[in-house]
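For reference, the structure discussed in these notes is given below.
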Amino acid sequence: MNRIVVVGASAAGLAAVETLRREGHTGTVTLVGDEPYLPYDRPPLSKQLLAAEREADRLQLRPAGDIAALDLDLRLGVAATGLDLTGRAVRLADGSELPYDGLILATGVRPRRLPGEGAHVLRTLNDALTLRERLAPGRHLVVVGAGFLGAEAAAVAWRLGARVTVLEPAAVPLAHAVGAEVGRVLSQAHRDRGVDLRCGVTVTEVTEDGVRLSDGEVVEADEVLVAIGSLPNTDWLADSGLTVGDGVVCDAYLAAAQGVYAVGDVARWYNPLFGTSMRIEHRTNAAEQGMAAARNLLAPEGRKPFAPVPYFWSDQYDMKIQAYGFLRGHEEVAVVEGDLDERRFLAAYRTGDRVSGALAVGMPPRAIRRWRQTIAAGAAWEEAVPAAA
Amino acid sequence: MKVELEADKCVASGQCVVAAMQVFDQDDDGIAILLEEQVGPGLVDDVREAVAVCPAAAIRLVEQ
Chain S
1 MNRIVVVGAS AAGLAAVETL RREGHTGTVT LVGDEPYLPY DRPPLSKQLL AAEREADRLQ
61 LRPAGDIAAL DLDLRLGVAA TGLDLTGRAV RLADGSELPY DGLILATGVR PRRLPGEGAH
121 VLRTLNDALT LRERLAPGRH LVVVGAGFLG AEAAAVAWRL GARVTVLEPA AVPLAHAVGA
181 EVGRVLSQAH RDRGVDLRCG VTVTEVTEDG VRLSDGEVVE ADEVLVAIGS LPNTDWLADS
241 GLTVGDGVVC DAYLAAAQGV YAVGDVARWY NPLFGTSMRI EHRTNAAEQG MAAARNLLAP
301 EGRKPFAPVP YFWSDQYDMK IQAYGFLRGH EEVAVVEGDL DERRFLAAYR TGDRVSGALA
361 VGMPPRAIRR WRQTIAAGAA WEEAVPAAA
Chain P
1 MKVELEADKC VASGQCVVAA MQVFDQDDDG IAILLEEQVG PGLVDDVREA VAVCPAAAIR
61 LVEQ
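Listed below in structure tokens is the structure:
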């Protein structure tokens with residue numbers, strides 16, 4: 001294997017190219033990124049960068065010297081537009097073709113949008129800098145969507161003195177992700193600060209004055225941020241012959257075809273630890289997956305299934321939320337430490353007869369780390385959470 | 001090799017402790033603490049793993 005192409009120059013793509021070099025690959029490594037920047041970190045975009053506590057230069061994932069030492073064929077500021085699976089070549093927007101022996105897809109996701117012009121989204125550095133310029137004391141920000149991204153941005157805007165309204169279609173924010181009880185407790189943090197959280201309202205379009213709801217009401221705003229989830233960047237693969245269905249569909253080894261792997265937000269793979277296919281949009285998963293796919297690509301005879309315990313965190317107001325596992329589709333939630341209403345608790349999640357996840361707010365770090373092992377071991381619910389049984 | 005930690009970037013995820021328990025710990029707020037600044041060959045792979053999985057890119061391993 002001589003020429004390896006990695007499409008996508010964010011956390012997952014970077015982890016892949018670093019691992020290729022660390023594992024001894026000496027051939028060509030091409031890294032393609034549609035943004036004109038060296039790999040940078042996205043989680044601070046809705047946190048420290050938006051709050052102007054950290055500047056863009058500190059978001060670089062590696063110093064320029066470390067990137068240079070990887071001896072990459074860097075193609076930044078140019079998107080991939082097509083894949084010829086049988087001819088083994090990637091086409092780029094500038095007309096060039098990149099032949100490959102091995103390919104890693106890390107093209108991420110893009111924000112879902114609403115009809116109408118003028119709303120912000122929050123995915124790239126430029127998105128975050130544009131929104132930041134428009135946040136100021138007294139200005140009214142309407143956030144559409146009370147998921148993790150919307151909640152983080154609302155918290156920062158509130159801290160900057162903006163007037164904040166959050167519009168959420170579900171009855172309880174984040175209920176599908178963390179359960180109704182925990183979702184209710186987390187969303188109370190908005191209301192405690194005077195953020196106007198309105199649930200059960202559907203926004204149909206962005207207008208010149210704000211947003212329009214399904215009942216016709218217009219909610220006026222100085223700025224609108226749409227944070228209603230993301231779509232995997234797979235359009236460029238539509239006629240490639242790869243299986244695409246809410247992400248690039250991969251096996252347990254992260255392979256989408258022979259010699260072709262997918263990693264990061266765009267990858268839907270079968271996680272044998274949970275016995276289900278999943279697509280995870282979390283920062284640590286991107287890095288772990290990039291490393292795993294690079295190793296499997298270089299040494300197919302010794303390849304390993306990718307069976308991680310996913311992890312994510314979110315910073316909202318004074319809360320740090322941390323979770324391990326795969327909470328979606330859970331059947332039961334039990335508070336095993338602390339108190340929900342004090343917003344200082346650890347909750348365990350059950351799927352089937354197993355512990356599938358744990359989520360902590362305001363708890364000491366060791367409290368949640370211990371549960372990672374529990375989930376990785378596939379522990380039985382009745383043994384791990386005796387009080388609930 | 002020398003381990004460098006930028007604690008002000010740390011997001012308290014504890015991923016470094018999972019990857020390299022002998023080199024990292026967390027304080028009461030979850031912020032990473034460096035237990036060993038110099039690491040020998042036996043721990044280098046663990047620290048490389050920590051560098052790679054740190055979600056804040058707060059760790060570097062420097063050749064000396």
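From first to last, the protein sequence lines are chains S and P. Okay, so the first sequence: first residue is 1 according to the UniProt record's numbering, each after it adds one. Okay, so the second sequence: first residue is 1 according to the UniProt record's numbering, each after it adds one. Every residue gets a Cβ at the ideal spot worked out from N, C-alpha and C, and that includes glycine.
Which one of S:Asn285, S:Val32, S:Arg372, S:Ala180 has the shortest CA to CA distance from Ala358 of chain S?
-> To locate residue 358 of chain S, count along the first sequence from 1; it is residue 358. It is S:Arg372 whose Cα lies nearest to the Cα of Ala358 of chain S.
At least 3 beta-carbon pairs within less than 8 Å: the region 168 to 176 of chain S vs the region 146 to 157 of chain S = Contact between the region 168 to 176 of chain S and the region 146 to 157 of chain S is present, because at least three Cβ pairs lie under 8 Å.
For the region 52 to 82 of chain S, which segments carrying the beta strand (DSSP E) assignment without a break, of at least 3 residues, lie completely within its bounds, in sequence order?
-> Look at the region 52 to 82 of chain S and you find these whole runs of beta strand (DSSP E), each 3 residues long or longer: 73 to 76.
For Ala286 of chain S, I'd like the list of residues in its chain whose CB is within less than 6 Å of its CB, leaving aside the five on either flank, ordered along the chain.
-> Position 286 of the first sequence, counting from 1, holds the residue named residue 286 of chain S. Answer for Ala286 of chain S: Ala11, Ala12, Gly264, listed in chain order.
Measuring alpha carbon to alpha carbon, tell me which of S:Gln316, S:Asp318, S:Arg279, S:Asp315 ends up nearest Gly325 of chain S.
-> Against the first sequence, residue 325 of chain S aligns to sequence position 325. Checked all of S:Gln316, S:Asp318, S:Arg279, S:Asp315; the closest Cα to Gly325 of chain S is S:Arg279.
Cβ-based neighbour list, Leu44 of chain S, same chain, cut-off 7 Å, excluding 5 preceding and 5 following = Against the first sequence, residue 44 of chain S aligns to sequence position 44. The displayed chain sequence assigns Pro, not Leu, to residue 44 of chain S. Result list for Pro44 of chain S: Arg54, Leu59, in chain order.
Who are Met278 of chain S's beta bridge partners in DSSP?
-> Along the first sequence, read from residue 1 onward, the residue named residue 278 of chain S stands at position 278. Partner(s): S:Trp269.
Starting from the C-beta of Ala307 of chain S, find all residues in its chain whose C-beta is less than 7 Å away, skip the five residues before and the five after it, and write them out in chain order.
-> The residue labelled residue 307 of chain S in the question sits at position 307 within the first sequence. Hits under 7 Å: Asn271, Pro272, Leu273.
Please decide whether Met291 of chain S counts as near chain P, where near means a Cβ-Cβ distance under 9 Å.
-> The residue labelled residue 291 of chain S in the question sits at position 291 within the first sequence. Yes - at least one Cβ of chain P is within 9 Å of the one on Met291 of chain S.
Flag this pair as touching only if the region 293 to 302 of chain S and the region 244 to 258 of chain S have three or more C-beta atom pairs under 8 Å; answer yes or no.
-> A contact exists between the region 293 to 302 of chain S and the region 244 to 258 of chain S.
Could you tell me which of P:Arg60, P:Gly30, P:Met21 sits nearest to Ala367 of chain S, measuring between CA atoms?
-> As a position in the first sequence, residue 367 of chain S is number 367, starting the count at 1. Taking only the C-alpha atoms, the option nearest Ala367 of chain S is P:Gly30.
Helix, strand or coil: how does DSSP classify Asp341 of chain S here?
-> What you label residue 341 of chain S is simply residue 341 of the first sequence in a count that begins at 1. In this structure, DSSP gives Asp341 of chain S a state outside helix and strand, which the three-state scheme calls coil.
Using only alpha-carbon positions, find the residue among S:Glu35, S:Thr30, S:Val78, S:Ala384 that is nearest to Leu125 of chain S.
-> As a working mapping, residue 125 of chain S is identified with position 125 in the first sequence. Considering only S:Glu35, S:Thr30, S:Val78, S:Ala384, the residue with the shortest C-alpha distance to Leu125 of chain S is S:Glu35.
Cα-Cα separation, Leu20 of chain S to Ser314 of chain S = On the first sequence, residue 20 of chain S is found 20 positions in, with the first residue counted as 1. On the first sequence, residue 314 of chain S is found 314 positions in, with the first residue counted as 1. Straight across, the Cα-Cα distance linking Leu20 of chain S with Ser314 of chain S is about 30 Å.
Three-state secondary structure (DSSP) of Phe326 of chain S = Residue numbering aside, residue 326 of chain S sits at position 326 when the first sequence is read from its first letter. Phe326 of chain S: coil per DSSP, three-state reduction.
Mind checking Pro365 of chain S: buried by the 16 CB within 10 Å criterion, or exposed?
-> Counting from one through the first sequence, the residue named residue 365 of chain S turns up at place 365. Taking a 10 Å sphere around the C-beta of Pro365 of chain S, we find 16 or more other C-beta atoms and assign the residue as buried.
If we cut at 9 Å on Cβ distances, does Lys2 of chain P have a partner in chain S?
-> Mapped onto the second sequence, residue 2 of chain P falls at position 2. Taking 9 Å as the threshold, the shortest C-beta distance from Lys2 of chain P to chain S does not fall below it.
Leaving out five residues before and five after Ala389 of chain S in sequence, what residues of the same chain have Cβ atoms less than 6 Å from its Cβ?
-> For this step, residue 389 of chain S is matched to residue 389 along the first sequence. Because Ala389 of chain S carries a pLDDT of 44, less than 50, the predicted location of this residue cannot be relied on, and no value is offered for it.
For Leu359 of chain S, the three-state DSSP class (helix, strand or coil) = Here residue 359 of chain S refers to the residue found at position 359 of the first sequence. Strand at Leu359 of chain S.
Return the bridge partner residues of Ala255 of chain S from the DSSP annotation.
-> Position 255 of the first sequence, counting from 1, holds the residue named residue 255 of chain S. Note: Ala255 of chain S is bridge-paired with S:Tyr261 in the DSSP secondary-structure output.
Touching by the beta-carbon criterion (3+ pairs, under 8 Å), the region 225 to 240 of chain S and the region 106 to 118 of chain S = Three or more Cβ pairs closer than 8 Å define a contact, and the region 225 to 240 of chain S meets that threshold against the region 106 to 118 of chain S.
Amino acids of chain P, ordered along the chain, whose beta-carbon sits closer than 9 Å to that of Pro310 of chain S = Along the first sequence, one-based indexing puts residue 310 of chain S at 310. Per Cβ cutoff of 9 Å: no residues; Pro310 of chain S is ~12 Å from chain P at best.
Would you say His76 of chain S and Val6 of chain S are within 9 Å of each other, going by their C-beta atoms?
-> One-based indexing of the first sequence puts residue 76 of chain S at position 76. One-based indexing of the first sequence puts residue 6 of chain S at position 6. Position check: residue 76 of chain S holds Leu in this sequence, whereas His was assumed. In this structure, Val6 of chain S does not lie closer than 9 Å to Leu76 of chain S by Cβ.
Straight-line gap, Arg369 of chain S to Gly14 of chain P (C-alpha atoms, nearest Å) = Position 369 of the first sequence, counted from the start, is the residue given in the question as residue 369 of chain S. Position 14 of the second sequence, counted from the start, is the residue given in the question as residue 14 of chain P. C-alpha separation (whole angstroms): 7 Å.
For Gln26 of chain P, return the contacting residues in chain S, with the cut-off set at a CB-CB distance below 9 Å.
-> For the purposes of this step, residue 26 of chain P is taken as residue 26 along the second sequence, with counting starting at 1. Going along chain S in sequence order, the residues near Gln26 of chain P (Cβ under 9 Å) are Pro364, Pro365, Arg366, Arg369.
Going by C-alpha distance, which of S:Gly138, S:Ala175, S:Val172 is nearest Arg159 of chain S?
-> By 1-based counting over the first sequence, the position of residue 159 of chain S is 159. When only C-alpha atoms are compared, the closest one is S:Gly138.
Closer than 9 Å, CB to CB, is Asp57 of chain S near chain P or not?
-> As a first step, residue 57 of chain S is located in the first sequence; it is residue number 57 there, counting from the start. Not closer than 9 Å to any Cβ of chain P, the Cβ of Asp57 of chain S fails to qualify, so no.
Got a sec: is the Cβ-Cβ distance from Gly42 of chain P to anything in chain S below 9 Å?
-> Residue 42 of chain P sits at position 42 when you count from the first residue of the second sequence. Cβ-Cβ to chain S under 9 Å: no for Gly42 of chain P.
On the three-state DSSP scale, how would you describe Ala228 of chain S?
-> Here the question's residue 228 of chain S lines up with position 228 in the first sequence. Looking at the sequence shown, residue 228 of chain S is not Ala but Ile. Coil, per DSSP.
Residue 97 of chain P classed as buried or exposed, judged by whether at least 16 other C-beta atoms fall within 10 angstroms | Lying outside 1 to 64, the shown extent of chain P, residue 97 of chain P is not represented and no answer is given.
Apply the 10 Å Cβ neighbour rule to Ala50 of chain P and answer buried if 16 or more other Cβ atoms are within range, or exposed otherwise.
-> By 1-based counting over the second sequence, the position of residue 50 of chain P is 50. Around the beta-carbon of Ala50 of chain P, 16 or more other beta-carbon atoms lie within 10 Å, marking it buried.
Should the region 112 to 121 of chain S be regarded as contacting the region 194 to 212 of chain S, the criterion being three or more beta carbon pairs within less than 8 Å?
-> The region 112 to 121 of chain S vs the region 194 to 212 of chain S: in contact.
So which residues of chain S does Ile15 of chain P contact, with C-beta pairs closer than 8 Å?
-> Mapped onto the second sequence, residue 15 of chain P falls at position 15. The question names Ile, yet the displayed sequence has Gln at residue 15 of chain P. Those within 8 Å of Gln15 of chain P in chain S are Thr284, Tyr311.
Just tell me which of S:Val164, S:Ala162, S:Ser187, S:Arg163 has its CA closest to the CA of Leu174 of chain S.
-> Translated into the one-based positions of the first sequence, residue 174 of chain S becomes position 174. Of S:Val164, S:Ala162, S:Ser187, S:Arg163, the residue nearest in Cα terms is S:Ser187.
Excluding the 5 residues preceding and the 5 following Ala64 of chain S in the sequence, name in chain order all residues of the same chain whose CB lies nearer than 8 Å to its CB.
-> Reading the first sequence from its first residue, position 64 is the one you call residue 64 of chain S. So the list reads Leu38, once near-sequence residues are dropped.
Assuming Glu23 of chain S and Leu225 of chain S form a contact by the criterion Cβ under 8 Å, report the distance between their Cβ atoms to the nearest whole angstrom.
-> Here the question's residue 23 of chain S lines up with position 23 in the first sequence. Here the question's residue 225 of chain S lines up with position 225 in the first sequence. Here Glu23 of chain S is actually not in contact with Leu225 of chain S; their C-beta atoms are around 41 Å apart, not less than 8 Å.
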